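Visitor: Taking this note's numbering, the leading residue of the sequence shown gets 10, the next gets one more, and so forth. Glycine is no exception: its CB is placed at the ideal position from the N, C-alpha and C atoms. All values reported here derive from a predicted model rather than from experimental measurement. Sending over a structure as structure tokens; questions will come in a sec.
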Amino acid sequence: MNAAIVYPCTCNGCRNYPTRPAEIWHESQIASKAQGYYFSSDTMKFFNSRIADFKPVGISPRADSLMVIVSSKRGDDARDYEIVTLCPYGELGREWIKDSDGAPIEHYSSLKAARRSARWNCTIAPQVCDCHGCNLDKAGR
């Protein structure tokens, strides 16, 4: 017999309130769909970040998630790019891939490289989200 999953919080996933980030049509709407402050204007300004591109991806029969390429610039360093995913409940998933030596690659050196990556060119969300809402959905909420 399976025990029911219970979380003692009121996050979007626990309340069964999907934000459906894939439904946006302009980058200014991303912050309102994401949980937390990653895409807030103050955070983006502090880290000198920009949204370079975004596209809907599906983890169910319809596209409920959003994949975003975010660029950041630290001091005099060159701008670098990272791919992040928002699940249907707005939870942020950051990309952690490894190179041929097993060392983590967290960023791409150009927007072109990020757009050519296998992760960006998939049609479904490449990672399984561990947020409360996705876990409750997997358990048959």
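Pull up the DSSP beta-bridge partners for Leu75, would you.
Guide: Answer is Pro65 and Leu95.
Visitor: Near Pro27, what residues of its chain come up, given a Cβ to Cβ distance below 6 Å and the 5 sequence neighbours on each side ignored?
Guide: If we look at Pro27 and ignore the five residues flanking it on each side, its Cβ neighbours are Pro97 and Tyr98.
Visitor: Would you report the Cα separation of Cys140 and Thr19, rounded to the nearest angstrom?
Guide: Straight-line Cα distance between these residues: approximately 12 Å.
Visitor: Among residues of its own chain, excluding the 5 on either side of Gly22, which ones have a beta-carbon nearer than 6 Å to its beta-carbon?
Guide: Contacts found: Tyr98, Cys140, His141 and Gly142.
Visitor: Exposed or buried, Cys131, counting other C-beta atoms within 10 Å across all chains shown (16 or more means buried)?
Guide: By the 10 Å Cβ count, Cys131 comes out exposed.
Visitor: For Tyr46 and Lys54, I'd like the C-alpha separation in whole angstroms.
Guide: Between Tyr46 and Lys54, the C-alpha separation is close to 12 Å.
Visitor: Would you say Glu36 and Ile60 are within 7 Å of each other, going by their C-beta atoms?
Guide: Cβ atoms of Glu36 and Ile60: closer than 7 Å.
Visitor: If you reduce the DSSP assignment to three classes, tell me which class Ser4 lands in.
Guide: As displayed, the chain neither begins before 10 nor continues past 150, which places residue 4 out of reach and without an answer.
Visitor: Under DSSP, the beta strand (DSSP E) around Gly142 begins and ends at which residues?
Guide: Note, Gly142: premise wrong, no beta strand (DSSP E); alpha helix (DSSP H) at His141 to Lys147.
Visitor: Under a Cβ-count criterion, where at least 16 other Cβ atoms within 10 Å of its own Cβ denotes burial, should Phe48 be classed as buried or exposed?
Guide: Buried, because 16 or more other Cβ atoms sit within 10 Å of the Cβ of Phe48.
Visitor: Output yes or no for whether 7 Å exceeds the beta carbon distance between Gly84 and Cys138.
Guide: Not a contact, by the Cβ cut-off of 7 Å.
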